[in-house]
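Participant: Here you go, one structure.
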Amino acid sequence: MLEGSSVVLLGRRCCSCLILPSFSSTFTMSEELDEIKEEGDDYYTFLNIPRNAADEEINNAYRRLSRLYHPDKHTDPDRKAEAELLFGKTKKAYEVLSDAHMRAIYDNLGTAGLETQGWEIVQRTKTPHEIREEYERLAREREERRLQQRTNPKSSVTMTINATDLFSVYDDDSPFLDLRDLFGLPHIEISGMTLNQAIEAPLTNRDTAILSGNLSSQNGNGSGGINCSIRRVTSDKGWGEVEVGAGNGLTIAAKAFRNFSRGMFGNGSVITHFTPNGLRVGTVTTLANQLDKHTVGYLTWKAGMQSGMNTMIIRDTPFQHLVCSAYIGIPHTYIAVSYTHKMPEQEYKVKLTGKAGTFGAILEYGAEKKISQNSSLAASLALGIPTGVQLKIKLHRASQTYAATIMLCEEILPAPVIYGTLVPLMSWLAVQKLIIQPYMRQQKQAELLKQREANRSRLLEKRREALAAVELMRETVRRIVEQEEARKGLVILQAWYGQLVVEGSTEECGSPEVVDVTIALQCLVKDSKLILQDSSKCSLPGFYDPCPGEEKNLRVRYLFHAVTHEVTIKDNDSLRIPKQSHRLET
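Written out as structure tokens, the structure is:
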């Protein structure tokens, strides 16, 4: 971290702390709501209509399925029972989507929102956004009741390793024998270590207690401290905090944050440090302004313990992160530029940093890779005058950080630069190939098996429902096929849905990961056309999800004008057939 930037970043951290009590649960609930919506029935897909469907489209889809599943059309008792279930589902989908109030609830909250108690007291004139806010407010109240049971532990371990003996160019005149003299091995030692631990204990929905401590040792000299603070959110625009610490003397600090307007905020702190040499007082003030959608500017002024002024501009986009800063102070003055290129698809970040000032200059380059959902690994090489060559490695997992700074050489020489670049890179490729990738595959398989086992009963029920729907469709499909063949229209020859591995293999129909949906698709053909919406196909009548949590495809082979066509699409893609581009060359 750049010197002087910790205060600026404090402003960003404080900003997030302001949001957490009032809005963080909203973000979490939004993700949970999306999961709930995915788990429930998709009425739009079941009726095969777009999400912006008009009332006429909803009525037409309802009438079509009602004719297909109406119990009075089936005399067999078993068929009649299955038809009653599917007719009930059709009627439920129609009731929800044809009622503007219920449709707004369903669009925002899914079937879980429809089952929530208390909607009868909500005004039917509320907009979908207001309905979602009402649901999230109720969920926030439940979340606040669980605050007493929650903490937010954070910890970090940082090591400093002296490995300059690896590339030492000087002879050791010491009279004592070391490992190099005895066995030809270099002398490597841990010269410093720092441990930090912090927990947050929510007291109320506005008050949070924070307890943190640290221990450090550097070249045989140790120190430590403990801090306790209480933070109160005073409004949706600001908070205040009081902190008391003990270690190298008593410290008392007061901090505050305030949103002045949209895109502009500031924070400040006053720190009082009681030392054996007397009382020391310091102040830090930060003002930030959002310059545009992706850019924020910071201005920080420090006085007292360490006087100086820092300005920083941060630009963050989905593919790049740029930081420019300048610091004027005592005893150091510097300018720094840091650029990070993001590769979201590969989950890689490449970083280049340059810094120069009265103390010297540093050039640092490195990369970061996300190795799992909650873990990332970063490595960088810093070349500095007079700091030499340093290799930095950091592992971040959830709220834990493990970092190591390895001092390779006190001078910038070719050997430590080359080895410091190539060895971590080759080591990472080997670890990724031999350990991480096999482990991730194993974890994914275990998770999928666990998910399948947990959903086994639901999967069997969905499969039974799909097979029943297909049986009820057979007579209707027979008539549709006769009509389409007579006009040389659209006839579905074969259709598969699920994990399609072998391209064009008809043996896929026997796989438990693939479902034969030929009849189900033919039933949706109207006027020699088939249109499927851009949503998961597992909610279509006659479909079900044979492999929950895995990628699925839909492959359709069909005749149109007596010519064979074939197309394969992803599960959430839309489909319109026939198309000339689907034609197979004989």
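Residue numbers (our numbering): 57 to 642.
From the three backbone atoms N, C-alpha and C, an ideal C-beta is built for every residue, glycine too.
What you are looking at is a predicted structure, and each value in this text was computed from that prediction instead of being measured.
So who's on the other strand from S591, going by DSSP bridges?
Facilitator: Mapped onto the sequence shown, residue 591 falls at position 535. Per DSSP, none; premise fails for S591.
Participant: Would you call I105 buried or exposed, if buried means 16 or more other Cβ atoms sit within 10 Å of its Cβ?
Facilitator: Start at 1 with the first residue of the sequence shown, and residue 105 comes out as number 49. I105 is buried by the Cβ-count criterion.
Participant: Look up K148 in the DSSP assignment and say whether it is helix, strand or coil.
Facilitator: Position 92 of the sequence shown, counted from the start, is the residue given in the question as residue 148. Residue state, collapsed to three classes: helix.
Participant: Which residue comes first and which comes last in the beta strand (DSSP E) that contains Q376?
Facilitator: Locating residue 376 in the sequence shown gives position 320, where the first residue counts as 1. Q376 to G385 is the extent of the beta strand (DSSP E) around Q376.
Participant: Do I536 and R578 come within 8 angstroms of each other at the CB atom, strictly closer than that value?
Facilitator: Here residue 578 refers to the residue found at position 522 when the sequence shown is read from its first residue. Here residue 536 refers to the residue found at position 480 when the sequence shown is read from its first residue. The sequence shown places Gln at residue 578, not Arg. Going by C-beta atoms, Q578 is nearer than 8 angstroms to I536.
Participant: Mind reading off the beta-carbon distance from P133 to F143? Whole number of angstroms is fine, and I expect it under 8 angstroms.
Facilitator: Taking the first residue of the sequence shown as position 1, residue 133 is located at position 77. Taking the first residue of the sequence shown as position 1, residue 143 is located at position 87. Between F143 and P133 the Cβ distance is about 15 angstroms, and since that is not below 8 angstroms, they are no contact.
Participant: Any idea what DSSP makes of K136, helix, strand or coil?
Facilitator: As a first step, residue 136 is located in the sequence shown; it is residue number 80 there, counting from the start. If DSSP states are grouped into helix, strand and coil, K136 belongs with the helices.
Participant: In the DSSP output, what is H452 paired with across the bridge?
Facilitator: Translated into positions along the sequence shown, residue 452 becomes position 396. DSSP, once it has assigned bridges, lists S432 and T457 as partnering H452.
Participant: Could you tell me the alpha carbon to alpha carbon distance between A417 and G440, rounded to whole angstroms?
Facilitator: In the sequence shown, the residue the question calls residue 417 occupies position 361. In the sequence shown, the residue the question calls residue 440 occupies position 384. Between A417 and G440, the C-alpha separation is close to 6 angstroms.
Participant: Can you give me the C-alpha to C-alpha distance between K608 and K626, rounded to a whole angstrom?
Facilitator: Residue mapping note: residue 608 aligns to position 552 of the sequence shown, counting from 1. Residue mapping note: residue 626 aligns to position 570 of the sequence shown, counting from 1. So the two alpha carbons sit approximately 6 angstroms from each other.
Participant: I'd like to know whether the C-beta atoms of N252 and S212 end up nearer to each other than 8 angstroms.
Facilitator: Numbered from its first residue, the sequence shown carries residue 252 at position 196. Numbered from its first residue, the sequence shown carries residue 212 at position 156. Taking 8 angstroms as the Cβ cut-off, N252 and S212 qualify as a contacting pair.
Participant: From the DSSP secondary-structure annotation, give me the bridge partner or partners of F616.
Facilitator: As a working mapping, residue 616 is identified with position 560 in the sequence shown. For F616, which the question treats as bridged, DSSP gives the partners L546 and V619.
Participant: Verify whether the separation of the beta carbon atoms of D98 and S591 is less than 8 angstroms.
Facilitator: Within the sequence shown, residue 98 is the residue found at index 42, counting from 1. Within the sequence shown, residue 591 is the residue found at index 535, counting from 1. Yes, the pair counts as a contact, with Cβ atoms nearer than the cut-off.
Participant: Tell me the rounded alpha-carbon separation between S595 and R530.
Facilitator: Indexing the sequence shown from 1 puts residue 595 at position 539. Indexing the sequence shown from 1 puts residue 530 at position 474. Going from the Cα of S595 to the Cα of R530 covers about 19 angstroms.
Participant: In the DSSP assignment, find the alpha helix (DSSP H) that holds A219 and state where it starts and stops.
Facilitator: Taking the sequence shown and counting its residues from 1, one reaches residue 219 at position 163. Taken as a continuous stretch (DSSP letters only), A219 belongs to no alpha helix (DSSP H), as it is neither H nor E.
Participant: Going by the DSSP bridge assignment, what does C284 pair with across the sheet?
Facilitator: Within the sequence shown, numbered from 1, the residue matching residue 284 stands at position 228. BP columns for C284 point to L267 and V300.
Participant: If you drop the 5 nearest sequence neighbours on each side, which residues of the same chain put their C-beta closer than 6 angstroms to that of K210?
Facilitator: Taking the sequence shown and counting its residues from 1, the one referred to as residue 210 is at position 154. Excluding positions up to five away in sequence, the list reads A254 and S455.
Participant: For F415 and L347, I'd like the C-alpha separation in whole angstroms.
Facilitator: Stepping through the sequence shown from its first residue, residue 415 is reached at position 359. Stepping through the sequence shown from its first residue, residue 347 is reached at position 291. In a straight line, the C-alpha of F415 is about 31 angstroms away from that of L347.
Participant: Measure from the alpha carbon of K585 to the alpha carbon of each residue in A618, L610 and K635, then state which is nearest.
Facilitator: Mapped onto the sequence shown, residue 585 falls at position 529. Answer by Cα proximity: K635.
Participant: Comparing C-alpha positions only, which one of T620, Q589, K145 and F616 sits nearest to N108?
Facilitator: For the purposes of this step, residue 108 is identified with residue 52 of the sequence shown, where counting begins at 1. The candidate whose alpha carbon is nearest that of N108 is Q589.
Participant: Secondary structure at P442, three-state DSSP: helix, strand or coil?
Facilitator: Position 386 of the sequence shown, counted from the first residue, corresponds to residue 442. Reduced to three states, the DSSP call for P442 is coil.
Participant: Can you tell me which residues form a DSSP beta bridge with I625?
Facilitator: Taking the first residue of the sequence shown as 1, we reach residue 625 at position 569. DSSP, once it has assigned bridges, lists L610 as partnering I625.
Participant: Please state if the CB of F102 and the CB of P604 are separated by a distance shorter than 8 angstroms.
Facilitator: Locating residue 604 in the sequence shown gives position 548, where the first residue counts as 1. Locating residue 102 in the sequence shown gives position 46, where the first residue counts as 1. No, the pair does not count as a contact, with Cβ atoms beyond the cut-off.
Participant: Below 7 angstroms CB to CB, which residues in the same chain sit around Q507 once its five sequence neighbours on both sides are set aside?
Facilitator: Residue 507 sits at position 451 when you count from the first residue of the sequence shown. Closer than 7 angstroms at Cβ, skipping near neighbours: P604 and G605.
Participant: Following the continuous alpha helix (DSSP H) through T477, name the residue where it begins and the one where it ends.
Facilitator: What you label residue 477 is simply residue 421 of the sequence shown in a count that begins at 1. First-last of the alpha helix (DSSP H) with T477: P470 to V487.
Participant: In whole angstroms, what is the alpha-carbon distance linking R287 and L343?
Facilitator: Here residue 287 refers to the residue found at position 231 of the sequence shown. Here residue 343 refers to the residue found at position 287 of the sequence shown. Distance between the alpha carbons of R287 and L343: 20 angstroms.
Participant: Only counting the same chain, and skipping five residues up and downstream in sequence, which positions put a Cβ closer than 8 angstroms to that of I217?
Facilitator: Position 161 of the sequence shown, counted from the first residue, corresponds to residue 217. The answer, listed in chain order, is I244, E245, I246, S247, A460, T461, I462 and M463.
Participant: What three-state label does DSSP hand M529 in the structure shown?
Facilitator: Within the sequence shown, residue 529 is the residue found at index 473, counting from 1. Of the three classes helix, strand and coil, the one that applies to M529 here is helix, per DSSP.
Participant: Please report the straight-line C-alpha distance between L433 and N366, rounded to a whole angstrom.
Facilitator: As a working note, residue 433 is residue 377 in the sequence shown. As a working note, residue 366 is residue 310 in the sequence shown. For L433 and N366, the distance between alpha carbons rounds to 30 angstroms.
Participant: When burial is assigned at 16 or more other CB atoms within 10 Å of the CB, is P258 buried or exposed?
Facilitator: Your numbering for residue 258 matches position 202 in the sequence shown. Classification of P258: buried, given that the 10 Å Cβ count is 16 or more.
Participant: Give me, in chain order, the residues of the same chain whose beta-carbon lies closer than 6 angstroms to that of I327; leave out the 5 immediate sequence neighbours on both sides.
Facilitator: What you label residue 327 is simply residue 271 of the sequence shown in a count that begins at 1. Contacts found: A309 and G338.
Participant: Could you tell me how far apart the beta carbons of A359 and Y390 are, in whole angstroms, since I believe they sit closer than 8 angstroms?
Facilitator: Locating residue 359 in the sequence shown gives position 303, where the first residue counts as 1. Locating residue 390 in the sequence shown gives position 334, where the first residue counts as 1. With 8 angstroms as the limit, A359 and Y390 do not qualify as a contact, their Cβ atoms being about 19 angstroms apart.
Participant: Just the C-alpha distance for T167 and A149, rounded to the nearest angstrom, thanks.
Facilitator: Here residue 167 is taken as the residue at index 111 of the sequence shown, counted from 1. Here residue 149 is taken as the residue at index 93 of the sequence shown, counted from 1. Their backbone Cα atoms lie some 10 angstroms apart in a straight line.
Participant: So, at 7 angstroms on beta carbons, what are the nonlocal neighbours of A618 in its own chain, with the 5 sequence-adjacent residues on each side left out?
Facilitator: Along the sequence shown, one-based indexing puts residue 618 at 562. Closer than 7 angstroms at Cβ, skipping near neighbours: K544.
Participant: Would you report the Cα separation of G301 and G269, rounded to the nearest angstrom?
Facilitator: In the sequence shown, the residue the question calls residue 301 occupies position 245. In the sequence shown, the residue the question calls residue 269 occupies position 213. Going from the Cα of G301 to the Cα of G269 covers about 9 angstroms.
Participant: Does DSSP classify N345 as helix, strand or coil?
Facilitator: Within the sequence shown, the letter at position 289 stands for residue 345. If DSSP states are grouped into helix, strand and coil, N345 belongs with the strands.
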